[in-house]
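Please read the structure below before turning to the comments.
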Amino acid sequence: MPHARWQVLRHDAVLFPGSHKLKTAAEDFSVVPPFEIRSGAEQRVPFLFNSPHSGRHYPERFLAMARLDRNAIRRSEDCYVEELFGGAVPLGAPLLAANFPRAYLDVNREPWELDPRMFAEPVPSFCNIRSARVAGGLGTVPKLVGEGLDIYPGRLPLAEAVGRIEAVYKPYHETLKRLLTRTHARFGYAVLIDCHSMPASIRVGDNGVRPDFIIGDRFGISASPALTEMAISLLVGMGYTVAHNKPYAGGFITEHYGRPARHLHALQIEVNRGLYMDERTFQKSAGFDALACDLTRFAADLMSMPDHHFVDLPLAAE
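Under full-length UniProt numbering, think of the first position of the sequence shown as 1, with each following residue one higher.
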């Protein structure tokens, strides 16, 4: 079983100033777990669903650090996505769902994608400080929420970022990797569906069309073409407008875990929030239940694809 790109970077926490404070991030989720696996008694399909940005548990310690109120800080949250795709669980697919909020920690980033301007101490040399995501304020520990609002009034101790990465990021990815490894070993291949939502304001193309969904496969790199084509076809067949890879082609999770030549497929799905919620009040709208039913049917049809679409692929040099 290949693990080359699955190894989440590790560095000894004692190298960091203030590393004795790592326990504080762990305490943020001493009552509510940072994430959970929702599954039936037995996994019956080689699919795994993942909702890394829908967490709604905002620790009081985190809120005390922030300059934003309880509503403003939710602007980056993929509200209710784990519920929208929850119908996959009775069909035999596990669902990994974050309880920690994206504003607190973003596991769809590299483990050390940090903005040095956020911290009181210099960040270690191995951190990726020059990515487009860091430049946009959306690193592993985000600087901004969805509408360009600063989360913090000043700089954070570097130990704060280290604590979140050690206590939450690494366990999350270790769990995701374990689920994929187990799925691959049992079925001969594994398919990761990475579930997200996007603002209703998103427009694509010259005509500024508002897509209901965006399917991302890292421009054909992370998944079998048949999987991408089927996902788009199913949603279009239900009457939805679907875009492909623009403006969202998939983040770190899709890129990191998608190895189709080795029978590991990862597909990102973005759902337009205007379909199911009021973005101002964060309340579900009248369309929520119908959309959830459609997504359950979508998951069932996707999971019924014949095995050869996932395993009869040429082994590419890597």
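Cβ atoms here follow ideal geometry from the backbone N, Cα and C, with glycine treated the same way. A quick note: this is a predicted structure, and the numbers were derived from the prediction, not measured.
Taking only three categories from DSSP, how would you classify valine 242? Three-state result, valine 242: strand.
Tell me the start and end of each unbroken alpha helix (DSSP H) in the stretch 114-181 that is at least 4 residues and wholly inside, in chain order. Within the stretch 114-181, the complete alpha helix (DSSP H) runs of at least 4 residues are 132-135 and 158-164.
Is there a Cβ of chain D sitting closer than 9 Å to that of tyrosine 276, yes or no? No chain D appears in this structure, which consists of one protein chain only.
Alpha carbon to alpha carbon, how far is serine 197 from glutamine 268? Each residue's Cα considered, the two are about 10 Å apart.
DSSP-derived helix/strand/coil call for histidine 256: The answer is helix: DSSP assigns histidine 256 an H, G or I state.
Tell me whether lysine 143 is buried or exposed, calling it buried when 16 or more other Cβ atoms sit within 10 Å of its Cβ. Lysine 143 is buried by the Cβ-count criterion.
Cutting at 6 Å between CB atoms, please list the residues of its own chain near tyrosine 104, excluding the five before and the five after it. Only Phe62 meet the Cβ criterion.
So, are the CB atoms of glycine 92 and methionine 303 less than 9 Å apart? Taking 9 Å as the cut-off, the beta carbon of glycine 92 is found closer than this to the beta carbon of methionine 303.
Between glycine 146 and the rest of its own chain, which residues show a CB-CB distance below 6 Å, the 5 nearest in sequence each way excluded? When the five nearest sequence neighbours on each side are left out, the beta carbons in the same chain lying within less than 6 Å of the beta carbon of glycine 146 are those of Arg75 and Ser76, in order along the chain.
Cβ contact check for the stretch 241-255 and the stretch 209-222: 3 or more pairs under 8 Å: Put simply, the stretch 241-255 touches the stretch 209-222. At least three CB pairs are less than 8 Å apart.
Sequence-distant residues of its chain with Cβ nearer than 6 Å to leucine 235 (five each side left out): When the five nearest sequence neighbours on each side are left out, the beta carbons in the same chain lying within less than 6 Å of the beta carbon of leucine 235 are those of Phe213 and Val242, in order along the chain.
Which runs of the beta strand (DSSP E) at least 3 residues long sit entirely within the stretch 14-84? Give them in chain order. Uninterrupted beta strand (DSSP E) stretches at least 3 residues long and entirely within the stretch 14-84 occur at 35-38 and 47-51, given in chain order.
With a threshold of 16 other CB atoms inside 10 Å of the CB of leucine 22, please say whether the residue is buried or exposed. For leucine 22, the predicted structure reports a pLDDT of 46, less than 50, and the residue's modelled location is therefore unreliable. A value from the coordinates is still provided. Buried, since its Cβ has 16 or more Cβ neighbours within 10 Å.
Is it buried or exposed, glycine 139, if we count other Cβ atoms within 10 angstroms and call 16 or more buried? So glycine 139 counts as buried.
Do you know offhand how far histidine 184's Cα is from valine 311's? In this structure, the straight-line span from the alpha carbon of histidine 184 to that of valine 311 is close to 11 Å.
Label valine 209 either buried or exposed according to how many other C-beta atoms from any shown protein chain fall within 10 Å of its C-beta, with 16 as the threshold for buried. It counts as exposed.
C-beta atoms of leucine 192 and glycine 258 nearer than 9 Å: Taking the C-beta atoms as reference points, glycine 258 is found nearer than 9 Å to leucine 192.
8 Å contact criterion, which leucine 95 and phenylalanine 49 should meet: CB distance rounded: Indeed they touch by this definition, with Cβ atoms about 4 Å apart.
From Ala88, Arg164 and Pro101, residue whose alpha carbon lies closest to that of glycine 55: Out of Ala88, Arg164 and Pro101, Pro101 has the C-alpha closest to the C-alpha of glycine 55.
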